[in-house]
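Chains as they are written, first to last, in our numbering: chain A, 628 to 857; chain B, 628 to 857; chain C, 12 to 240; chain D, 12 to 240.
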Amino acid sequence: MIRRRRSVAPMTARVCDDVDAALADVPDGATVLIGGFGKVGMPVALVDGLIRQGASDLVIVSNNAGNGDTGIAALLAAGRVRKVVCSYPRQTDSWVFDRLYRAGEVELELVPQGTLAERMRAAGAGIGAFYCPTGAGTPLAEGKEVRDFDGRPHVLELPLRGDVALIRAHRADRLGNLVYRKTARNFGPVMATAARTVVVEVGDVVEIGALDPETVVTPGIYVDRIVRVP
Amino acid sequence: MIRRRRSVAPMTARVCDDVDAALADVPDGATVLIGGFGKVGMPVALVDGLIRQGASDLVIVSNNAGNGDTGIAALLAAGRVRKVVCSYPRQTDSWVFDRLYRAGEVELELVPQGTLAERMRAAGAGIGAFYCPTGAGTPLAEGKEVRDFDGRPHVLELPLRGDVALIRAHRADRLGNLVYRKTARNFGPVMATAARTVVVEVGDVVEIGALDPETVVTPGIYVDRIVRVP
Amino acid sequence: MSDHPLLAAADLDAVPCTAPEPLTPAAIAARVARDIEPGSFVNLGIGQPTLVADHLPPDAGIVLHTENGMLHMGPAATGGPEDPIDPDLTNAGKQPVTERPGASYFHQADSFAMMRGGHLDVCVLGAFQVSVAGDLANWHTGAPDAVPGVGGAMDLAVGARRLVVMMTLFAKDGSPKLVPSCTYPLTGVGCVQRVYTDAAILDVGPHLPGAVLVETFGITAAELAARLR
Amino acid sequence: MSDHPLLAAADLDAVPCTAPEPLTPAAIAARVARDIEPGSFVNLGIGQPTLVADHLPPDAGIVLHTENGMLHMGPAATGGPEDPIDPDLTNAGKQPVTERPGASYFHQADSFAMMRGGHLDVCVLGAFQVSVAGDLANWHTGAPDAVPGVGGAMDLAVGARRLVVMMTLFAKDGSPKLVPSCTYPLTGVGCVQRVYTDAAILDVGPHLPGAVLVETFGITAAELAARLR
């Protein structure tokens, strides 16, 4: 269960002046959930801010393990990451991760993409554990409890919680209600539920009441800090 | 896992002429998920249609067990229901259920409201089972497996599947994409994922492309039949 | 160690009596409201807890969650021109309500994920009984012919960051509703942290040696301790 | 019982050879597309399976799902005035794509719930190896220094109502990729139902006594059976 540290500041105080203010208190050793599917929906400015901020010994949870020499790759190259939890580190431009992994300088926990999402959902939803058919009978189920339901083997999976989540959304109101854009939505709404402190970079901050309540994807209850990054 | 029976008809064939056509094949003994929270979001025309249709020996899964003498209450009064799975049968106007229950003429499986929703979500999401803290140490956990996670007891809960789901939405396009209205959304999106055949009454059917893809709550993949009931 | 069946050992003279009379339900609600921090996300249970909404400071940014699927719930709809009754918009007690700016709607699985996942700061519930260890009984009297109904009570009991109960301290027959151990069927185990009643506020919970009197109303702590024996 | 290491006993002369030459990747894709029923919801894996999209009849109402969170995915975006490249809109291979009317977007937990929950009719994947029992190996060669990556492959393997594989029947070294038992690490167990290759279509699965030849291309069934020994 996420026990959220709630600021008692007035409701519009969630909007931070800049990225650095939003990330000032990320501690060494934190588990950081980072949104995005490759570069799509990646909170680029927040990841750059995390590099400047200097926290180290981090566990990074993200679908991929960095592209090229920027963003998560730069965080890895700077030696700040102890472990990566992801579904697909191997990409054509994942040379930074590849090198560190082969050198044994970063730990990898490989999780099927849907299980990665579902484990974070479980963390945010107060589910203690769940049985998932994905990966049963494969090397990724090794060492895990397996049990049959409905005649099929299922793997016991545990919640995956973050201390901090860094995500990007299309637009926020000043209460932190979020909407996303197209497939950039990907991990954002799930990660927003799964971390104690949720920091969001958004293209646009609108006034309270400007978002249609039927269309809000991430309610503001999940959002702690917003930074405008057009 | 839901193994959906897919019609191979053209994509706009999901719109039925009337309620009776949409419900013609509900068999005796079916488990029927019925949306709504009390009367809010209740698919009244579909429930009335199910009464006319005549299927019996039904298992009804709904948050409540009928109000007054209409809808689910009328279905109960007609002797069509073997069992009710719900969170809150007892209401000021639940006299039909109350009488049948006290007379031992209907079976009751009482499920906490959140667990009811989560069990249907699990059915729709291919989750074999999940551990839920709700109800641990209470009479509703009796006979269920209990296991500690993170130092707290959790109850093992199984998926809850329907043969048919009857729900109401605000608006559909001809592909079955749905949007809801305010708190009438309640169980609709969850039940739509959890039944083999999903029948939706909607206030309005619009053309393909008329719904903003960012705002679709239930994608048409989950919807088998639509009936316009203004 | 205390020799009192309910209360932890304490200097009873140090417990303030802050009202000359027992509190009315509205006054209990006001007292509950006073302890809710600005910016909190709050769920108010069916019945008397809904009164708390009337006493929340409008500028404190406190947000109401209703488990049937909404945040930023507003006051009850009166049906007037400013707040017409909308059949698609109710609270968990199925009464028509209104929507505040900044609202959002979500389905039942998402709504209970929010609750069970520990995202709500405070939940206020009514109770038949609360035990000194914080056990809650509020869904069933245990009468054999009663039609049971649990709704979201058990989900609320396990999910909120802080669960407080609002009730009268004594049942109609004069017996305390704060008990050594609940005799009614449980809603949740060790989940209640504070009990607000007409006669007193008490802290309870599994880690306390007994209920701790915080404040009394219309009765001194020593008098109340005697009545609770 | 068959004495063939891969194939079930069958009248090989009854298996039609429907093409004079082995199929090109585009021709395999077209053959896969032909077997997809109108109105199906389909996920096409990264790589050659994406070619299938080019061969789906436009009026068949076949809907493409992409696991990064979309239904009714359209063709690749070319960057022209009609289909500009939108950095927020890609397929699971991270290539820019377009949106068809009737589209919807959803987050990763919802997208994989849709897949794992059995709501997709057909999934087409590539493979390193497929076993006669329908085991799939397509995520890892097992090389000790390889950086592994699984993505959504295992989720797709367990979730689709019908999982078919599109691959060449023989590896570059001439060995069959249809095997008695996979030597590469598994993606899923008993999950593949049909294999479409350049040389033949074969049905596989845990309940079959061996792979069943459905159709051959550029080779007779008897010749292929001999090559597969």
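Don't be surprised by glycine CBs; every beta carbon is placed ideally from N, CA and C. No experiment lies behind these values; they were computed from the predicted model shown.
For the stretch 746-762 of chain B, the set of positions with a beta-carbon nearer than 7 Å to some beta-carbon of chain A reads G753, I754, G755, A756, F757, Y758, C759 and P760 in chain order.
Distance from the CA atom of C/L147 to the CA atom of C/C202, rounded to whole angstroms, is 7 Å. Taking the CA atoms as reference points, D/L224 sits about 11 Å from D/V143. One thing to note: D/G163 has its Cβ no nearer than 7 Å to the Cβ of D/N149. Between the stretch 157-176 of chain D and the stretch 719-732 of chain A there are three or more inter-stretch CB-CB distances shorter than 8 Å, so the stretches are counted as touching.
With a contact defined as Cβ atoms closer than 8 Å, D/R127 and D/D166 qualify at about 6 Å. Note that the stretch 14-30 of chain C does not touch the stretch 817-834 of chain B; fewer than 3 beta-carbon pairs, one per stretch, sit closer than 8 Å.
Contact between the stretch 684-691 of chain A and the stretch 643-659 of chain A is established, with three or more Cβ pairs separated by less than 8 Å. By the 16-neighbour rule on beta-carbons within 10 angstroms, C/Q106 is exposed. Chain order gives the chain B residues near A/F776 as G755 and A756, where near means a beta carbon separation below 7 Å. Annotation for A/P846: N804 place their beta carbon closer than 7 Å to its own, counting only its chain and skipping 5 residues before and after.
Contact check for A/V711 and A/V733: beta-carbon distance about 6 Å, within the 8 Å limit, so the pair qualifies. Of all residues in the stretch 795-812 of chain B, the ones placed with a Cβ closer than 7 Å to any Cβ belonging to chain D are D800, L802 and N804, in chain order. D/L67 and B/R788 have their C-alpha atoms spaced approximately 32 Å apart.
Around B/E841, the beta-carbon contacts reaching into chain A at under 9 Å are H797, V806, Y807, R808, K809, R812, T842 and V844. DSSP, reduced to helix, strand and coil, places B/R808 outside both helices and strands of the structure shown, so it counts as coil. Take the alpha-carbon of D/E234 and the one of D/A211: they are about 11 Å apart. Between the stretch 750-767 of chain B and the stretch 116-135 of chain D there are three or more C-beta pairs closer than 8 Å, enough to call the two in contact. Contact between D/A88 and D/P95 holds, since their C-beta atoms are separated by about 7 Å, short of 8 Å.
Beta-bridge analysis with DSSP links B/D800 to B/V833.
Any Cβ of chain B closer than 7 Å to the Cβ of C/D166 would place that residue at the interface, and such an atom is present. In the displayed model, D/A25 falls within a helix according to three-state DSSP. Using a CB distance cut-off of 7 Å, C/S115 counts as an interface residue toward chain A. Shown here, D/I212 sits in a strand according to DSSP, grouped into three states. Look at C/P36 here: in three-state DSSP terms it is helix. When C-alpha distances from B/R779 are compared across B/C759, B/H797, B/V791 and B/M747, the shortest belongs to B/C759. Contact annotation: in the stretch 720-731 of chain B, residues whose CB is within less than 9 Å of a CB in chain C are S721, F724, D725, Y728 and R729. In the structure shown, the three-state DSSP call for B/I699 is helix. Residue B/G762 holds the alpha-carbon nearest to the alpha-carbon of B/H781 among B/G762, B/R707, B/A821 and B/A792.
Setting aside the 5 residues that flank it on each side, C/F123 is surrounded in the same chain by D166, each with a C-beta closer than 6 Å to its C-beta; the list follows chain order. For a cut-off of 8 Å, the C-beta gap from B/A796 to B/L660 is around 14 Å, too long to register as a contact.
Taking 7 Å as the CB threshold, B/G764 stays off the interface with chain D.
DSSP lists no bridge partner for D/K188. The beta carbon of B/A837 lies closer than 8 Å to those of D800 in the same chain, with the five residues before and after it left out. Residues of chain C whose Cβ lies closer than 9 Å to the Cβ of B/S689 do not exist; the shortest such Cβ separation is about 11 Å. Among the CB atoms of chain B, one or more fall inside 7 Å of the CB of C/M81.
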